[in-house]
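Our numbering puts the sequence shown at residues 106 to 427.
From the three backbone atoms N, C-alpha and C, an ideal C-beta is built for every residue, glycine too.
To start, the structure under review is shown below, and the notes come after it.
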Amino acid sequence: MILILVLYMLLGLAFTISKAALEYAAPVFLVGIRMSLAGVLLLGYMYFFNRRNWYFNKRDIWLLVQISFLSIYLSFILEFWGLQYISSSKDCFLFNLSPFVTALLEWRFFGVCMTIKKWLGLLIGFVGFFPILLKETPLEEMAGSFLFISLPELAILGSAISAVYAWILIKGLIQKERYSPEMINGITMLWGGIAALITSWLVEKQPVLKFPPHATEISWAHLPFIGYIFGDLGAKIVPLAFYILSLILLANVIFYNFYIYLLKKHSATFLSFVGFSAPLFAAFFGWLFLNEPISWAFFISVFVVGFGLYIFYQDELLSIQK
106 MILILVLYML LGLAFTISKA ALEYAAPVFL VGIRMSLAGV LLLGYMYFFN RRNWYFNKRD
166 IWLLVQISFL SIYLSFILEF WGLQYISSSK DCFLFNLSPF VTALLEWRFF GVCMTIKKWL
226 GLLIGFVGFF PILLKETPLE EMAGSFLFIS LPELAILGSA ISAVYAWILI KGLIQKERYS
286 PEMINGITML WGGIAALITS WLVEKQPVLK FPPHATEISW AHLPFIGYIF GDLGAKIVPL
346 AFYILSLILL ANVIFYNFYI YLLKKHSATF LSFVGFSAPL FAAFFGWLFL NEPISWAFFI
406 SVFVVGFGLY IFYQDELLSI QK
């Protein structure tokens, strides 16, 4: 259990780091750099150290393009755009809509059975999102809204839905072909990252690098030789490079491989349920490192949605205990 909590603690920290990185780079550019680099590293590892699982079939190009668009390009661009206006804990919390969205999509398109208890848990879970959706900050209001939901919130909800549908496509591709999850991730990260960089060049205002006043201070304080060798520009880039590499290490390397390891010992249902601890870790790290306030609406939503998840997974959790 401790290892599982450590896993989701790292995930919560990744959301906080993503928020911090947005102080230094435009969102689409940040997605492009992070995913392109992660894709190159992952494919490089597969080619040089795991060649037996290296596999690519030209017949799957269109499906891989769809996955790249949904899981990397659209999902992360929507999330990082929305994250500019909301807290890292709220971002992480809204992403926990994923189990409910997965259930609805599998019921609608794949005929997966939904019991009355699951429908009840789904309903409670959706109701639980209302308090945090109704609690908007002035920054969110500036970005615009649709009905009672701000546009940043809509963007992150759209990001979660896009990612869930992409994972359904990935699951089908792994079952039908001999692709490994690492190979699919490497391809889609690289393709999605390159597409994001092209989009950034076309639509984002220049310069895409942003330097808050404290950037130079942080770099000179911790790595003075960088500023001495490369000047102010190099000193200011250090925090961004640190955040990007940290995200790749935490989210793309450690979390992914750690999750696969834990799946060998625990069910996906149990891991998904315990995964609801991630927003609590994100709230703590956001408060600790970014001085993000935690509203009462956050805790109400966490309690209600957590209860909904318990109802939704109750039968499976009881069978696991037995």
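Proximity below 8 Å, CB of residue i to CB of residue j
i	j	result
L135	N290	no
C197	G117	yes
S285	N158	yes
S194	I399	yes
A119	L355	yes
K276	F417	no
L82	D165	It is not possible to answer for residue 82, since the shown part of the chain is limited to 106 through 427.
I359	L115	yes
Cβ-based neighbour list, residue i, same chain, cut-off 7 Å, excluding 5 preceding and 5 following
i	result
I323	Low confidence applies here, because I323 scores a pLDDT of 46, under 50, leaving its location unreliable; read the following figure in that light. The residues are P344.
E397	S192, S193, S194, G391
L83	The shown model of the chain, from 106 to 427, leaves out residue 83, and the question about it has no answer.
Residue i versus residue j - alpha carbon distance
i	j	result
H327	G226	With a pLDDT of only 47 at H327, under 50, the local geometry of the prediction cannot be trusted, and the value read off the model is given with reservation. Rounded to the nearest angstrom, the two C-alpha atoms are 48 Å apart.
R280	F200	A small fix is needed here, since residue 280 is Gln in this sequence, not Arg. Near 26 Å, if we compare the C-alpha coordinates of F200 and Q280.
A260	L183	5 Å
L142	F389	29 Å
V111	Y364	11 Å
G216	L210	9 Å
S382	W272	21 Å
F185	F347	18 Å
W401	R283	48 Å
H371	Y113	14 Å
L108	L202	23 Å
F253	L239	7 Å
A300	I221	42 Å
Q171	Y270	10 Å
K124	G187	10 Å
A126	L393	16 Å
N155	G297	23 Å
W212	Y152	38 Å
F251	Y150	44 Å
G380	Y361	13 Å
A208	W167	25 Å
M288	A268	17 Å
K315	Q419	47 Å
F214	L385	32 Å
L262	I237	13 Å
N357	S264	17 Å
Proximal residues to residue i (C-beta, below 6 Å), its chain only, five neighbours per side dropped
i	result
P204	S377
I266	V206
P131	Looking at the sequence shown, residue 131 is not Pro but Ala. Correct list, in chain order: E309, V313.
Y190	L244, E245, A248, P257
E241	S255
V133	I182, A301, T304, S305, E309
Q311	none
Own chain, CB closer than 8 Å to residue i, minus 5 neighbours either side, in chain order
i	result
P317	E128, Y129
I122	Y348, S351, L352, L355
I138	A130, G298, L302, I349
I292	G144, L148, F161, L169, S173
L367	L108, I109, L112, L376
L307	none
Practice problem: Quick one: which unbroken alpha helix (DSSP H) runs of 4-plus residues sit fully inside the stretch 164-243? Chain order, please. | Solution: 166-172, 180-188, 193-200, 203-215, 221-233, 235-239
Quiz item: Does the stretch 398-415 touch the stretch 222-240, meaning 3 or more C-beta pairs lie closer than 8 Å?
Solution: By the criterion of at least three beta-carbon pairs nearer than 8 Å, the stretch 222-240 is in contact with the stretch 398-415.
Quiz item: Would you call the stretch 170-180 and the stretch 386-402 touching, i.e. three or more CB-CB distances under 8 Å?
Solution: no
Quiz item: Counting only runs that start and end within the stretch 363-421, where is the alpha helix (DSSP H) found for 4 or more residues in a row?
Solution: 373-379, 383-395
Quiz item: Are the stretch 231-243 and the stretch 400-408 in contact at 8 Å, needing three or more beta carbon pairs?
Solution: yes
Self-check item: Any alpha helix (DSSP H) of 4 or more consecutive residues that is wholly inside the stretch 277-327
Solution: When DSSP assignments are scanned along the stretch 277-327, the uninterrupted stretches of alpha helix (DSSP H) that are 4 or more residues long and fall wholly within it turn out to be 286-308, 319-327.
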